[in-house]
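Just remember that this note's numbering sits 955 ahead of the position in the sequence shown, which is counted from 1.
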Amino acid sequence: MMKPLSPKPGTAWSPKADQSFLHMSDLILKNIRKAYGHVTAVENANLTFESGKLTALLGPSGCGKTTLLRMIAGLEMPTSGDIILGGENIASKSAEQRKFGMVFQSFALFPHLNVARNVSYSLRIAGVDATTRRAKAQELLELVQLGDKGQRKIGQLSGGQRQRVAIARALAQEPEVFLLDEPMSALDAQLRGDLQMQLRLLQQKLGITTIVVTHDQREAMTMADQIVVMSHGRIEQIGTPQEIYHKPANSFVANFIGNANLLDGIATATGIRVGGTEIAVSDRGSFAAGQAVTLFCRPEAVALHDTEIPNSVPGTVTFVRDEGPAREIHLDTPAGHMTAEIPGSFEATVKIGDRFHAELPDGLLHLLPERSHDDEEAA
Ligand code: ATP
956 MMKPLSPKPG TAWSPKADQS FLHMSDLILK NIRKAYGHVT AVENANLTFE SGKLTALLGP
1016 SGCGKTTLLR MIAGLEMPTS GDIILGGENI ASKSAEQRKF GMVFQSFALF PHLNVARNVS
1076 YSLRIAGVDA TTRRAKAQEL LELVQLGDKG QRKIGQLSGG QRQRVAIARA LAQEPEVFLL
1136 DEPMSALDAQ LRGDLQMQLR LLQQKLGITT IVVTHDQREA MTMADQIVVM SHGRIEQIGT
1196 PQEIYHKPAN SFVANFIGNA NLLDGIATAT GIRVGGTEIA VSDRGSFAAG QAVTLFCRPE
1256 AVALHDTEIP NSVPGTVTFV RDEGPAREIH LDTPAGHMTA EIPGSFEATV KIGDRFHAEL
1316 PDGLLHLLPE RSHDDEEAA
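The structure is reproduced here in structure tokens:
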């Protein structure tokens, strides 16, 4: 049910200014900040979780993503700022009043109850009658593909099955917002991959606003409509998986999401000068000529040639990592260390010491602000 927009008198937030283009049940954070003594865990977060979409909060350990999720859940009170849901400021409401569904890294199921009773537990507390409870538990178990496991003991389930029970249990009360904190980190890689797909399909089917905390960029890319990349309590970028991957806002994001070539140079009128070579970059942003900048290019965009061609730098192969489907070629160039990713093949065609001209194709390049050492440490 959508709630009417009813901002409290005297709050700085203005529905007209902010929300004319948004769904009324979007969840909006306004200037959310959390400090623990001298530690600022989250700095001035401004962000919209669109109704019915899945957002991933992504970043390295200690970046503040769990603190942000806990503030949304009502388990931590913000030091300052507003949390708006459906037009209502819920920042001072308790977790019980918010009734958001939550799933944590640890399974936190009741071992003495069977699977179906775990799922229907919150309905029992809410006074729902036994027939309705049983029907609802069965419906939810079918949704998470455990329809035949209702009578099992929790101890008789695999890790992936337990986490699916936790998901079904969190959905039992039909929460308006579904929050998950590292829900797959206790699972092995294969199970994690399967559950990511299942959870994404379930979320799309139910159309429930969902926020997932993860430090795994692949998990975020697999599941999210929107990714929020965080570091040191700050939001570094908000975008679709494609935007974050292909157009990172800075070197931190570029390094955190996949592999990136980051070459330091000086902006020119038409691109960048790196390692004594002029490289044309159409997407050069608004950097002034003469400014120190960083050139960004994904390894799979780099093409290797035997002869010199425009927009290329000479390089000598220092390492070849064969990953099966792709081969990662490491190169030493006058512009710095680079990697190129080429399709894998049965023939070992590239070896250490080979010399190539590494083409940086304009159209797949992007100028970023000069990188700082902080970026590298955090990534
Ligand atoms: P992880 O992935 O390791 O859980 P995170 O990105 O979720 O990390 P948070 O747990 O949100 O990070 O922590 C952000 C910062 O706030 C860290 O520096 C952490 O030490 C600090 N912090 C978190 N909770 C508290 C607390 N209760 N008291 C003091 N400092 C805290």
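For glycine and all other residues, C-beta sits at the position ideal for the given N, C-alpha and C.
Are residue i and residue j close, meaning C-beta to C-beta below 9 Å?
i            : j            : result
residue 1225 : residue 1236 : yes
residue 1178 : residue 1197 : no
residue 1046 : residue 1057 : no
residue 1242 : residue 1217 : no
residue 1135 : residue 1163 : no
residue 1095 : residue 1124 : yes
residue 1070 : residue 1101 : yes
residue 1233 : residue 1254 : no
residue 1122 : residue 1009 : no
residue 1271 : residue 1310 : yes
residue 984  : residue 996  : no
residue 1078 : residue 1087 : yes
residue 1019 : residue 1187 : yes
How would you write the range of the alpha helix (DSSP H) that residue i sits in, first residue to last?
i            : result
residue 1047 : No alpha helix (DSSP H) contains residue 1047, which DSSP labels as neither H nor E.
residue 1177 : 1172–1178
residue 1124 : 1114–1126
residue 1095 : 1085–1098
residue 1326 : Where residue 1326 is concerned, there is no enclosing alpha helix (DSSP H), given that its DSSP letter is neither H nor E.
residue 1211 : 1206–1211
residue 1239 : From DSSP, residue 1239 is part of no alpha helix (DSSP H); its letter is neither H nor E.
residue 1198 : 1196–1201
State buried or exposed for residue i, treating a residue as buried only when at least 16 other CB atoms are found within 10 Å of its CB.
i            : result
residue 1029 : buried
residue 976  : With a pLDDT of 43 at residue 976, under the threshold of 50, the modelled position of that residue is not reliable, and the figure given next carries that caveat. Exposed, because fewer than 16 other Cβ atoms sit within 10 Å of the Cβ of residue 976.
residue 1212 : buried
residue 1118 : buried
residue 1382 : In the structure as shown, the chain begins at 956 and stops at 1334. Residue 1382 is therefore absent and cannot be evaluated.
residue 1011 : buried
residue 1267 : buried
residue 963  : Only weak support is given to the placement of residue 963: the predicted model assigns it a pLDDT of 33, under 50, and the value that follows is read from those uncertain coordinates. Flag for residue 963 reads exposed.
residue 1336 : Any property of residue 1336 remains undetermined from this structure, which presents the chain solely from 956 to 1334.
residue 1318 : exposed
residue 1065 : exposed
residue 1321 : buried
residue 1264 : exposed
residue 1327 : exposed
residue 1025 : buried
residue 1138 : buried
residue 1288 : buried
residue 947  : Nothing can be reported for residue 947: it is not among the residues displayed for the chain, which extend from 956 to 1334.
For a test of your reading of the model: does the CB of residue i fall under 8 Å from any non-hydrogen atom of the ligand ATP? Yes or no.
i            : result
residue 1137 : yes
residue 994  : yes
residue 1200 : no
residue 1252 : no
residue 1006 : no
residue 1034 : no
residue 997  : yes
residue 1020 : yes
residue 1168 : yes
residue 1185 : yes
residue 991  : yes
residue 1338 : No answer is possible for residue 1338: the residues shown for the chain start at 956 and end at 1334.
residue 1047 : no
residue 1015 : yes
residue 1115 : no
residue 1188 : yes
Taking the DSSP output, what are the residues bridged to residue i?
i            : result
residue 1163 : Paired residue(s): none; residue 1163 is not in a bridge.
residue 1108 : 1069
residue 1133 : 1056 and 1165
residue 1185 : 1190
residue 1233 : 1228
residue 1266 : Residue 1266 is not bridged to any residue.
residue 1223 : Note: residue 1223 sits in no beta bridge, so no partner.
residue 1258 : 1314
residue 1038 : 984
residue 1273 : For residue 1273, which the question treats as bridged, DSSP gives no partner whatsoever.
Give the range of the beta strand (DSSP E) segment to which residue i is assigned.
i            : result
residue 1311 : 1310–1314
residue 989  : 982–991
residue 1293 : 1291–1298
residue 1024 : Here residue 1024 belongs to no beta strand (DSSP E); instead the alpha helix (DSSP H) covers 1020–1028.
residue 1307 : Neither: residue 1307 is in no beta strand (DSSP E) and is coded neither H nor E.
residue 1301 : It is not in any beta strand (DSSP E) - residue 1301 carries neither H nor E in the DSSP assignment.
residue 1001 : 994–1004
residue 924  : Any property of residue 924 remains undetermined from this structure, which presents the chain solely from 956 to 1334.
residue 1011 : 1009–1013
residue 1247 : 1247–1252
So does residue i have its beta carbon nearer than 8 Å to some heavy atom of the ligand NAD?
i            : result
residue 1029 : The model on display carries the ligand ATP but not the ligand NAD.
Is residue i close to chain B? Criterion is C-beta to C-beta, closer than 9 Å.
i            : result
residue 1265 : The chain inventory of the structure shown lacks chain B, comprising one protein chain alone.
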